[in-house]
Each structure stands twice: as structure tokens, then as C-alpha cells.
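Number of protein chains: 2
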Amino acid sequence: MAISPFNPPVRTLMGPGPSDVHPRILEALSRPTIGHLDPAFVGMMEEVKELLQYAFQTRNPLTLPVSAPGSAGMESCFANLVEPGDKVIVCQNGVFGGRMKENVERCGGQPIMVQDPWGRAVDPQKLEDALQANPDARLVAFVHAETSTGAQSDARTLVELAHKHDCLTIVDAVTSLGGTPVKVDEWGIDAIYSGTQKCLSCIPGLSPVSFSEAAAEKIKGRSHKVQSWFLDMNLVMGYWGGGAKRAYHHTAPVNALYGLHESLVMLQEEGLENAWARHAANHNALKAGLEALGLSFVVPESERLPQLNAVSIPEGVDDAAVRSRLLNEFNLEIGAGLGDLAGKVWRIGLMGHASRAENIVLCIAALEAVLAEMGAPINTGVALGAAQKVLGS
Amino acid sequence: MAISPFNPPVRTLMGPGPSDVHPRILEALSRPTIGHLDPAFVGMMEEVKELLQYAFQTRNPLTLPVSAPGSAGMESCFANLVEPGDKVIVCQNGVFGGRMKENVERCGGQPIMVQDPWGRAVDPQKLEDALQANPDARLVAFVHAETSTGAQSDARTLVELAHKHDCLTIVDAVTSLGGTPVKVDEWGIDAIYSGTQKCLSCIPGLSPVSFSEAAAEKIKGRSHKVQSWFLDMNLVMGYWGGGAKRAYHHTAPVNALYGLHESLVMLQEEGLENAWARHAANHNALKAGLEALGLSFVVPESERLPQLNAVSIPEGVDDAAVRSRLLNEFNLEIGAGLGDLAGKVWRIGLMGHASRAENIVLCIAALEAVLAEMGAPINTGVALGAAQKVLGS
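Residue numbers (this note's numbering), protein chains in the order written: chain F, 1 to 393; chain G, 1 to 393.
The following block contains the structure:
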């Protein structure tokens, strides 16, 4: 056999995630492991909760990182809040709304789908219509920032509509947290999940979640046990919410939590508003460059996420060949399309530590070089200048 | 707010896990993150599978690490193999058999409990009786190495009995993998899960699993969808089993997998048989020391796990005070009792990188110092010599 240690290549990660992980966070991962009930560790957990409350802009006590990736965070929201027979309105405008539907069904709930075109925001009027047509609905679920398309929906308005009809809300903020405003308390979100590997610049593998008092009450008062033992918040609370006297539930992923702690400390140092502003400004520079190249965006400007840029692949261009050359010649990863958009778009992430001037110019220069050499119909010699002009302004 | 970076104390981890993580593995965690669909990463995943097949002693193609801690590995076995209404015989001789029961119930199955005393192996005769009394049972589940007591059961015999009665088997090997023999193919185990934070010397947060062909067939032919989307092996297989053409399921915990890869490379370097021998030899040295101190083991010698030593707390000794002094004065973590054994035993782990001569002498010397100062009824001045004699032999 004789397999050797693995030494990964050094990439620039500008896909839909994982995005570039900051060296401070990589270093934090390698600090000595301690026990998951060690008083020093318990103190760190309290800080992680406090820092996550800041990131989510909430005072919810039930705010913690699920010990698994974002799709487990999604599942923890549905498994805890959906009871068999519950009617759940799911707004779908991309891949992840479809995954929400799967979750509702697997929890024994009944999904009512509200469809919007991929690449557009969720239409509040359609949600309102669905709520009126389904007065017995218990929950509304939607994706704040669709990772598959780069569209951003108006979470505040959608939550308001849901509450007007006495529904709790589940919101996917995997790609938005730390990149664009996410205001859990101000907007009244009841359950929200995110990921660590996007705008938080941390490694993949954890999923921050937060539940409002109303959601926590619903979880405590369920008539059926949560079908997942691992994700049952009634049990997880005993560990994460137990103060000094914590009950063992599962063994926490100690070193991954060191990484998350460090990434949240860095977010606090930069300031949430500054992080949002950085993502917005860098988006404008990338956009100027990509448009100067002749590429066009999938999502209308007013519904666009600054941190995840879906652009149409020019006619006749070999999607996989371009991505492969970017990776092999420039160590640059950009993302393929997903679901209905597979083969039609590239997804270019500017998330967290990847949202930097040097990444923008690398991406534009490398794309221009590869596309020009492949004979694609693009403009040459103008894109870098267009991006630099915005960066310098 | 102003929370500072977290710098953990340097501990010696001799509890029930996490155990000491080898510096090579800590360093591997901090290597640069790459994409979860990067060809370089996909190549590493293939190596992880091959190395896990070696650790499990199996050729099962469906062998992979679940992207979450051991309790999610347990849940992945039950959620994939139990269908609503299935009768599942669960042998319980400690905390984790009870968690298996919870899993069966939450999957809509019907648990038939076979109880053995805590601190003893599972009695094959009781399983045989239960199988005869329940000819419609579909599955048998048991814990190979009970982390709550340190008892080891005869997995080969229990699996043989289950198969004689046409039941598939689910085996918990969280504490045994890499520490004592686990022979999936030779013993005919159908589904097995483990953890990375014990005898593999890796960080907590991943759960290696393996499914036999018969188990994989059952999963593919289910009449109900697996209730967990995140743990559905039909979907996970598309990512881990997809060869060069992998389908996105969830974002893999990239850096944690670097750590697991490194720990499995180290296991390969040492050789599985040598690792088992090291755990056995070091157990003998620790045992000589602890018995010379006057402490007694909970589990009879023939049923004892070498890597997890449960000893009775001497009469009148304050459990928490001793563990707290060991931690504060010697940076040494040993484990408390769990469930029925809480307050009655200490659990001293010698797992993976923690199974070393220096840890044995530290543990004995520190325990002797603290217990003597607290006036506990122990023998002084003889324990270290007793351990050293075995170490030197």
C-alpha cells in the first residue's frame, strides 16, 4: 500500500465555497486538542456563542454551531421544527430550496412549493398568495442567499408576511452570513442556519444556527421526538446551553471550533458593517472587470449577492475546459453551475478572506488569458483597467 | 465585547476521548484548504477510503468517514438500515447501547433490549435467546467496545449468531478501531461505525463507517426514504463513491480529512498489529501501577479493553476534586463515570498517541500524589516501580 502524507496544492478559492481560509484560522486549527468538557474549552464555547450572536445580530440564547456541515444545519432546523403532518411553505428559486423540500418530506411534513425563476429573488406576492391559500401552514422556509444562483431575497419582508399569517420561519443564510446584512432579531427570523466556509473564511464542517424564543418553545413542546438524536436541540442544548454544568451529548469537534472561534474574533476585529462594505466594494470591482470582458450576470443587479457572482458562459465555450485550465495553470478555482444552471454559468465567489483586490485581478487576468487563447468572444486589454479603476476609487 | 484569540492549555488527554492528538496530525490540519471537488482532493479521498479499509480490515467499497462525530456515525447506520416497523435486537451493557435504542425508536423501529450488567461483555446466550424469541427480528446491534465501562464483547460470536438467524448487524467500534482487533470481513460485520478521536489519535469530528454488500443492498432497496437527507448513504455514495465523476452532496470537512488521512498514514506506518500490541502492552504497565496503588478494575480481566481502563473510585474520595486537581496541577485529563457509573469510577484512556510510557508514569505519579495528599486509602511508594517493571520487560 504505502500511501504518503498528503500535501495539497496552494489554490485561490473563488468558487461557491470553501473560500480562502485565512492563515490565522489555519494556524488556530493546529493548536493542542483539549477535552470537550475541559473548563478552558467550556469558556471558549461561551465566547463562540457570544461571537455568533454578534455575527447573526441576535440575542437568541439558542445560538451555536452544529457539529457538521451546512446541510446538517439545514436538517437541524427542519428536524426540530417540523412535526409529522405539518404544512410547510417552501419558496424555491434554486437548488437549496429543493433540498428544503426534501427535508420537509423526510420529516413527515407536507411541503407547499412556491416557485420563482432560478437567478431571481423570491417574489413576496407569491408567498402572500400561498399563505392565503394555506391558512393551516405552520412554517415558511426560504433561502436568503441562493448559493446556486447568486440571488438575494428580501428576508425582512418574507418573514413579516409569514408572521402575519402565524407561521414560523426557517432561513438559509449559508452564503450571506458575514458577507451581506443578516439581522436575525430586527427581521424576526425564527430559525436560521449558515456555514463556516464562505464569508467567515473558516474551514468547512460546522454550521452556525440560531433559534428564536418562539422556535425554542416549539422545539421544547413537540408532541413527537425529533427524529434525529444527533441533531435534537433538546439534547444539544444540554451541552451548549448548560453553563458550567454541561451534559455530555456528543464529542464536540474541538479543533474545528478553535478555527471558528478565530474566524469570529477576526470578524469582530474588522467589524460586521466593514465586512459587508468590503464585500460590496469588491463586488463592484469584479463586476466592472467581468463586464468589460464582455461577460454578463445571471441575476438582475438589484437582486444580486455581492459575494457570489453567477455569470453566463459565453456561447461555444467549453465550461469544464476553462475551469480546468484556471486550476492547472493559475491554481484558481471558480465554481461550475449547479442543477438547472449546470454548464450554463460560472459562479465566482468573493467571500470572506477571498474578497481581496489581489484575487479580483488574478481572476480577471486569468479568465482573460484562458478565454482569449481558446478563441472565446471576449474583449481583451480592457478588463483589468476597468477593475483597477473601481478598486482605486 | 473584544474577545481575544483562544490559546488552549497543553493537556495530556487520558480520558475516554478525545485522546492525545499526534503533532503530525495537528500540523496536517493547518495545510491549505482546497475545494471539495478539486481533483487533488478527490485523489486524497480515494486514499482515505483505502486506508480506512485497511483499518477496518475490509474490502467493502462503501467505507468512508461520515462528516460528523461518532454519534452521527451511529445514526447513519441506524437511519440507513432500520425501516419503520423493523424489529431490532439491541444488546445493552452500558451507555451506548441505550443510545442505540434511542436511534431505533427515532427511526420508527421496534427495539428488543437484551440487558447485561454494566462493566461486563454482552452474553451471547442472551442474544441467542432473544433471536429465538423474535424470529421476525431484522437487525442485531451491539457495542464492541463500551466506552462507558471499558468492556469488550466478542463481536465475532455475536455476528455469527445474528447471521444464523438472518439478521444484519450494526456494531459500535468507536473505542476499538486501531486499539484492539476489529476484523470486519473476517467477522462478517454488516455495518460498523467508529470515531477518529480515540485510538486513531486524530481530532474529534469525523466518524468512519463501513457497510457490507448485504447492508448496501438493503440501503439501495429500502421502501421508505432514509429520514435523514444528510446521512442518506444513497446520496453520500454519489460523492464518496463516484470515482472521478463525483456528485456534490454536502461540502466535505476538507481540513479535518487532512488530519484523518495523516492519522491513517501513521497507522499504516506502524502496522495495525503493532498498534494492537502497543495498546495491550501499555495496558499491562498501567494496570500494574494502578493495582499497586490499590485501585481495582471494574471489568473482569478477560472482558477488559486495554485502551480504556475503568477503575473504582476508593471509598470516601471526592471524584470531582481529584479530577480537577489532576487537571489544574498536572494538566492531566482522566474521565468521569457516565450514566449508572457516574461518581463511581474513573475512566483512564490509553488510546492512540496517548498510549505511551511517559503518559503511564505521569498518570500513576500524579494520581498517587493527589490521592495521598487527600488522605485516600492507597499504597504509596510502590506503584511507579510496578509499572516501570512491566514497561521494561
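Think of the CB as a built atom: it goes at the ideal place given N, C-alpha and C, for glycine as much as any other residue.
With a threshold of 8 Å on Cβ separation, who are the neighbours of residue i within its own chain once the five nearest residues in sequence on each side are excluded?
i, result
"proline 191(F)", "It should be pointed out that residue 191(F) corresponds to alanine in this sequence rather than to proline. These residues qualify, in order along the chain: Cys77, Asn80, Leu81, Leu168, Thr169, Ile170, Val171, Val209, Ser210, Phe211, Ser212 and Ala215."
"glutamate 75(F)", "Asn103, Ser228 and Leu231"
"leucine 51(G)", "His261, Leu264, Val265, Leu267 and Gln268"
"tyrosine 239(G)", "Arg246, Ala247, Tyr248, His249, His250 and Ala252"
"arginine 59(F)", "Gln53 and Asp185"
"leucine 286(G)", "Asn309, Ile348, Leu350, Ile360, Cys363, Ile364 and Ala387"
"valine 226(F)", "Ala79, Asn80, Ile219, Asp232, Met233 and Asn234"
"methionine 163(F)", "Note that residue 163(F) is histidine in the sequence shown here, rather than methionine. Cβ neighbours of histidine 163(F) beyond the five flanking positions: Thr169 and Gly188."
What residues from chain G crowd round residue i, counting only those whose CB sits closer than 8 Å?
i, result
"glutamate 47(F)", "Ile3 and Phe6"
"glutamate 75(F)", "Ser228, Trp229 and Phe230"
"tyrosine 258(F)", "Phe6 and Pro8"
"alanine 298(F)", "The sequence given here places valine at residue 298(F); alanine does not occur at that position. By Cβ distance, chain G contributes nothing, its closest Cβ being about 19 Å from valine 298(F), past 8 Å."
Given residue i, which residues of its chain have a CB within under 7 Å of its CB, disregarding the five upstream and five downstream residues?
i, result
"proline 9(F)", "Asn331"
"glycine 150(G)", "Val298, Val299, Arg304, Leu305, Leu308, Asn309, Ala310 and Arg347"
"isoleucine 343(G)", "Contrary to the premise, residue 343(G) reads as glycine rather than isoleucine in this sequence. The answer, listed in chain order, is Asp319 and Gly337."
"glutamate 47(G)", "His261"
"valine 254(F)", "Thr33, Ile34, His36 and Phe41"
"tyrosine 258(G)", "Ala28, Leu29 and Arg31"
List, in order along the chain, the chain G residues whose C-beta lies closer than 7 Å to that of residue i?
i, result
"isoleucine 34(F)", "Pro8, Pro9 and Arg11"
"valine 254(F)", "Pro18, Ile203 and Pro204"
"methionine 374(F)", "Residues of chain G passing the Cβ test: none, with the nearest at roughly 20 Å."
"alanine 423(F)", "Only positions 1 to 393 of chain F appear in this structure, which leaves residue 423(F) out of reach."
"serine 30(F)", "Leu26, Glu27, Leu29 and Ser30"
"glycine 15(F)", "Gly35"
"glutamate 262(F)", "Pro5"
"glutamate 368(F)", "Near glutamate 368(F) there are no residues of chain G at all, since even the closest Cβ is about 22 Å away, more than 7 Å."
"glutamine 197(F)", "Thr251"
"valine 21(F)", "Thr33"
"glycine 382(F)", "According to the sequence displayed, residue 382(F) carries valine and not glycine. Chain G residues near valine 382(F): none, gap ~30 Å exceeds 7 Å."
Output, in chain order, the set of chain F residues within a Cβ distance shorter than 7 Å of residue i.
i, result
"methionine 351(G)", "Chain F residues near methionine 351(G): none, gap ~13 Å exceeds 7 Å."
"valine 184(G)", "Near valine 184(G) there are no residues of chain F at all, since even the closest Cβ is about 17 Å away, more than 7 Å."
So with CB distances below 9 Å, who are the chain G contacts of residue i?
i, result
"arginine 99(F)", "Trp229"
"alanine 397(F)", "Residue 397(F) is absent from the model: chain F starts at 1 and stops at 393."
"valine 317(F)", "Within 9 Å Cβ-Cβ: nothing; valine 317(F) doesn't reach chain G, min ~20 Å."
Name, please, each residue of chain F whose Cβ falls closer than 9 Å to the Cβ of residue i.
i, result
"leucine 338(G)", "Tyr248"
"glutamate 273(G)", "Going along chain F, no residue has its Cβ under 9 Å from glutamate 273(G), so there is no contact; the nearest lies around 14 Å."
"glutamine 233(G)", "Contrary to the premise, residue 233(G) reads as methionine rather than glutamine in this sequence. The premise fails here: methionine 233(G) is roughly 14 Å from chain F at the closest Cβ pair, so nothing lies under 9 Å."
"methionine 44(G)", "Phe6 and Pro8"
"valine 345(G)", "Under the 9 Å cutoff, chain F gives no residues; its nearest Cβ is about 15 Å from valine 345(G)."
"valine 401(G)", "Absent from the structure is residue 401(G), since the part of chain G shown begins at 1 and ends at 393."
"valine 311(G)", "Under the 9 Å cutoff, chain F gives no residues; its nearest Cβ is about 18 Å from valine 311(G)."
Please compile the residues from chain F whose C-beta is within a distance smaller than 8 Å of the C-beta of residue i.
i, result
"glutamate 333(G)", "Ile34, Gly35 and Asp38"
"valine 390(G)", "Residues of chain F passing the Cβ test: none, with the nearest at roughly 27 Å."
What residues in its chain sit with their C-beta under 6 Å from that of residue i, if we drop five residues either side in the sequence?
i, result
"histidine 279(F)", "Gly179, Pro306, Gln307 and Ser355"
"glycine 73(F)", "Val66, Tyr193, Ser207 and Val209"
"glycine 17(G)", "Gln197 and Lys198"
"glycine 109(G)", "Val82, Asp86 and Val88"
"glycine 15(F)", "Glu333, Ile334, Gly335 and Gly349"
Give the residues of chain B in contact with residue i, contact being defined as C-beta atoms less than 9 Å apart.
i, result
"valine 322(F)", "Absent from the structure: chain B. Protein chains present are F and G."
Runs of alpha helix (DSSP H) lying entirely within the region 322-347 of chain G, each at least 4 residues, in chain order: none
Contacting positions in the region 206-231 of chain F - beta carbon closer than 7 Å to chain G: Lys225, Gln227, Ser228, Trp229 and Phe230
Contact the region 375-384 of chain F vs the region 264-280 of chain F: 3+ CB pairs below 8 Å: no
Three CB pairs or more closer than 8 Å across the region 184-203 of chain G and the region 42-57 of chain G: yes
Near-chain G residues of the region 150-181 of chain F - C-beta to any C-beta below 7 Å: none
Interface residues of the region 126-153 of chain G facing chain F [CB-CB below 8 Å]: none
Where the region 98-120 of chain F meets chain G: residues whose CB sits under 9 Å from a CB there: Arg99, Glu102, Asn103, Glu105, Arg106, Cys107 and Gly108
Stretch-stretch touch, CB-based, cutoff 8 Å, three pairs: the region 87-94 of chain F with the region 64-72 of chain F: no
Segments assigned beta strand (DSSP E), at least 3 residues, entirely inside the region 112-199 of chain G: 139-143, 168-172 and 191-193
Entirely enclosed alpha helix (DSSP H) segments - the region 272-297 of chain G, minimum 4 residues: 272-293
Contact list for the region 85-99 of chain G against chain F, Cβ threshold 8 Å: Arg99
Completely contained alpha helix (DSSP H) runs for the region 6-57 of chain F, where each covers 4 or more residues: 23-29 and 39-56
The region 25-33 of chain G in contact with the region 28-39 of chain F per 3-pair CB rule at 8 Å: yes
Whole beta strand (DSSP E) elements within the region 55-80 of chain F, 3-residue minimum: 62-66
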